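J.: Sequential numbering of the sequence shown, starting at 1301, is according to the working numbering. Glycine is no exception: its CB is placed at the ideal position from the N, C-alpha and C atoms. These figures come from a predicted structure and were not determined experimentally.
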Amino acid sequence: MNDGLFDLSIINDVSRTTFLRLFPKYQKGTHFQTKGVDRIIEAKAMKEVTLEPRKAEDFFLCADGEIALCRKVTITAEPAALRFIVPKKSC
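1) Would residue 1307 and residue 1363 qualify as a contact pair, given that the criterion is a beta-carbon distance under 8 Å?
2) Under the DSSP definition of a beta bridge, which residues are partnered with residue 1309?
3) Please determine whether the Cβ atom of residue 1372 lies at a distance below 7 Å from any heavy atom of the ligand COA.
4) Check whether the Cβ atoms of residue 1337 and residue 1375 sit closer than 8 Å, and answer yes or no.
5) Which residues bound the beta strand (DSSP E) around residue 1359?
The following block contains the structure:
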C-alpha cells in the first residue's frame, strides 16, 4: 500500500457468463490462479497511466465506486497523498 504505485487491472471484452464466473475469484484475489485469465485481465503496477480507447468513443471509468464517462484520463500515484485509518487488531 505504500510502494508509491497503484495496481491497474484492465478487463478485456468477455461474455457476461465469463465475467460472472470470474468475479467471485476476483473479489477474493484468487483470479490469477485460473487458467487462461491472463488473456482476460491485464494487471500492472503503475506510477502513472493514460487511458484512451483505440476507437474515438467514451468509456466508463470506475474509481472508488464512482462511475464516470471519459474520453481520456491520466492517473498519477502520489506518495503519501492519502492517510488511512484502520481498526486496531484485536487480541
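T.: Taking the structure as given:
1) No.
2) In the DSSP assignment, the residues bridged to residue 1309 are 1343.
3) In terms of ligand content, the structure shown is empty, and the ligand COA therefore cannot be addressed.
4) Contact flag unset, no.
5) Residue 1359 -> beta strand (DSSP E) spans 1359-1363.
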